[in-house]
DNA sequence: TTAATTGTTCGCGAGAAGCAAACGGTCTCA
DNA sequence: TGAGACCGTTTGCTTCTCGCGAACAATTAA
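Residue numbers (the numbering used here), protein chains in the order written: chain A, 543 to 801; chain B, 543 to 801.
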C-alpha cells in the first residue's frame, strides 16, 4: 500500500518544526514578509520568528533581501530532484512533447501524492490554449480527467481514504459530488480505458486522459490532452484523441518496464 | 545591498528546525531512507527522527512510502513558485528558446543567490550537446562564464564577501584561483560586455555569457550559449556569438523595465 | 525632536523535545 | 514453527531548548 493509510493522526509532533513550516507557507502566500508581519500573522513573538528565519536562512531555505525574507531558489533545486525521482518522468516528458506536437494541443502529466494530483509536466502544441494549471500545482483528484484516470487505478479502499481526507469539493455544477457517482465514473474509466472532462472544470474546456498502468513503486500517474470544445467534438473527441492518448500511455508503460 | 552582508554568524538558532533541515538533506542524498537509517546517520535517537518525520509529513514536505520516507513533490510546487517570483523569468525563458533555436546550441539562464549561481532555465537547439548542468543546480560563480558575467555586475565589496564565504575552489587547471586574477577577469568582462569560458569547466566545452543589467530587486542574472570547441572557434566564437548573446540580453533588459 | 516603525538581542521560566527503553510488527533462517 | 533480528512506533522522564516579553538599536516620518 502506498503512502500513509489515511492521515496519521497519532504520534508526536515537533512544534518548532511546525512553526518553521508555517513560516514558509506564510512567506509564499505573502510573496515574502518581514519579521513583524510574520509575527503578527502567525501569532508568535518577534524573537521566535527571528530565530526561525535565521535557521532557515542558514540552510538556504529562505533569503533575506534588505529587510524582507523570501522563499529561496533552493526549492527549485530540491523540486527538480523530486521530479527526477519519479522513475517515469523522463520518458513521459518526451512522449508528452511528441503528443503535443502531433495534436497541436496541450498535453499534461500528473501523479498522485498525499491524495491529491500534482502536475509534473506540461507540453504545448501549436494551437495550445492557455490553461490555469502549472507544474507543481496540486488539484483534487475527483474533478479532473487526469485525476479520475489515476483514481481508476487505485484500490477501492485507497479511494475511500482519499475521499475521507479531502472530501469531494464541488468545483462547478458538473463535478461529481457523491461517492456513488464517483465510483460509477471510475468503473466507466476502467472499462473504456480513458477518462473525460467535459467542461467540468472550466466552461469550454474539454480533456481526455489515460492512466499509466505501472504499479512499480506504488506510483500512479496519468497523461492528458486538453483543448477547446470547438476542436474537441465528434469523432475526434470520442475516438481519435482517446486512441492517441492511450497509445502514448502505452508507450510510456512499455518504456517504464525497462527501468 | 542584496541578501545578508557576509554570512550572519550571530543570532540564535532553533535546534529542532536544524534537525529537520538535516533530515531533508539526508533524504535527498540517500534517495529516501527509514527512521533507523536516518537516526544513525544524523546521530540522533529514533524517537527524535520519528517525530520530526511525522511533522514534516503533516506538512507534506516528505512522503511515507511503505517504511521509507522520501522528499515530497511539494518541493516542485514551491520551487516553481520561487522561479515565478524572479521577475525576468518569463521574458528570459522565451528569449532563451529563441536563442537556442537560432543558434542550434544550448542556452542557459542563471541568477545569483546566497553567493552562488542557480540555473533557472535551459533551452536546447538542434545541435545541442549534453551538459551536466540542470535547472536548480548551484555552482560557484567564479568558475563559469555565467558566474563571471554575474560577478562583473556586482559591487566589488559584494564580490569580496562572496569569495570570503565560498573561497575560490579550483575546478580545473584553467579556473581562476586568485583574487587578482578574478578581478582582472571581471574588469575584462565589463569592458567587453561578455564573459567567456574556454574549456575551464570541461574539456572541449566553450561558452559565451552576457550579464542582464537589471538592478531591480537586487537580482542579478546572466544568459549564455554553450557548445563544443569544434563549433565554437574563430569569428563565430569571438564575434558572432557574443553579439547574439548580448543582443538577447538587451532584449530582456528592455522588456524587464516594463515590468 | 519626537514618535512610531522596523529588526535584533537577552534573561528567564515553562514546557517542549530529545533520549532510552519497551513494544508490536514482519521477515529470515534454522 | 519457532528464535532472533531487524523494523517503526509509543511512552515516561529529565533537561535544556525555545518561545516570550521587554529592552535595545536603527530607520523613517511627521
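Where is the CB? At the ideal position from N, CA and C, for every residue including glycine.
When C-alpha distances from residue 698 of chain A are compared across A:724, A:795, A:716 and A:715, the shortest belongs to A:724. Residue ranges of uninterrupted beta strand (DSSP E) with 3 or more members, entirely inside the region 601 to 634 of chain A and ordered along the chain, are 604 to 607 and 610 to 613. The beta-carbon of residue 671 of chain B is placed no less than 7 Å from the nearest beta-carbon of chain A.
Checking the DSSP bridge columns, you'll see residue 575 of chain B partnered with B:611. Using a Cβ distance threshold of 7 Å, residue 737 of chain B and residue 668 of chain B do not count as a contacting pair. Taking a beta-carbon distance threshold of 7 Å, residue 617 of chain B counts as an interface residue toward chain A.
In this chain, the alpha helix (DSSP H) harbouring residue 690 of chain A covers 687 to 693.
Of the residues A:659, A:553, A:603 and A:565, the one whose Cα lies closest to the Cα of residue 589 of chain B is A:553.
Looking at the DSSP output, residue 740 of chain B shares a beta bridge with B:748. The Cβ neighbour count for residue 766 of chain A, taken over all protein chains shown within 10 Å, is at least 16; the residue is labelled buried. Taken through DSSP and simplified to helix, strand or coil, residue 707 of chain A comes out as helix. In this structure, residue 688 of chain B lies near residue 659 of chain B, with their beta-carbon atoms less than 7 Å apart.
Within the region 559 to 576 of chain B, 559, 560, 561, 562, 563, 564, 566, 567, 570, 573 and 574 place their CB atoms closer than 9 Å to a CB of chain A, listed in sequence order. Put simply, the backbone Cα of residue 627 of chain A is about 12 Å away from that of residue 571 of chain B. Using a 10 angstroms sphere on the CB of residue 650 of chain B, the tally of other CB atoms reaches 16 or more, which defines it as buried.
Neighbours of residue 650 of chain A in chain B, taken as residues whose beta carbon is under 9 Å from its own, are absent, since the nearest beta carbon is some 14 Å off. For the pair residue 558 of chain A and residue 601 of chain A, the Cα-to-Cα distance works out to about 16 Å.
Per DSSP, the continuous beta strand (DSSP E) segment holding residue 770 of chain A begins and ends at 763 to 770. Annotation: residue 788 of chain A is outside any beta strand (DSSP E); the continuous alpha helix (DSSP H) that includes it extends over 783 to 798. Annotation: residue 663 of chain B has no Cβ neighbours in chain A at a cutoff of 7 Å; minimum Cβ distance is about 10 Å. In the three-state reduction of the DSSP assignment, residue 719 of chain A falls in the coil class. CA-to-CA, the gap between residue 565 of chain A and residue 591 of chain A works out to about 8 Å. Where residue 655 of chain B is concerned, the enclosing beta strand (DSSP E) starts and stops at 648 to 655. Shown here for residue 578 of chain B: same chain residues with a beta carbon closer than 8 Å to its own, the five before and five after excluded, namely 588 in chain order.
Among the bridge pairs identified by DSSP, residue 754 of chain B is matched with B:763. Look at the beta carbons and you see the region 732 to 747 of chain B touching the region 713 to 724 of chain B: at least three pairs across the two are nearer than 8 Å.
Residue 683 of chain A and residue 692 of chain A have their C-alpha atoms roughly 8 Å apart. Three or more Cβ pairs closer than 8 Å define a contact, and the region 604 to 622 of chain A falls short of that threshold against the region 630 to 647 of chain B. Classified as exposed, residue 796 of chain B has fewer than 16 neighbouring CB atoms from the shown chains inside 10 Å of its CB. For residue 792 of chain A, the nearest beta carbon of chain B is not closer than 7 Å to its own beta carbon. Under the 10 Å beta carbon count, residue 783 of chain A is surrounded by 16 or more other beta carbons and is classified as buried. Just so you know, the alpha carbons of residue 761 of chain A and residue 787 of chain B end up roughly 42 Å apart.
Listed along chain A are 624, 655 and 656, each with a C-beta nearer than 8 Å to that of residue 614 of chain B.
With respect to residue 728 of chain B, residue 694 of chain B sits close: the two C-beta atoms are nearer than 7 Å.
For residue 613 of chain B and residue 678 of chain A, the gap between their C-alpha atoms comes out near 14 Å.
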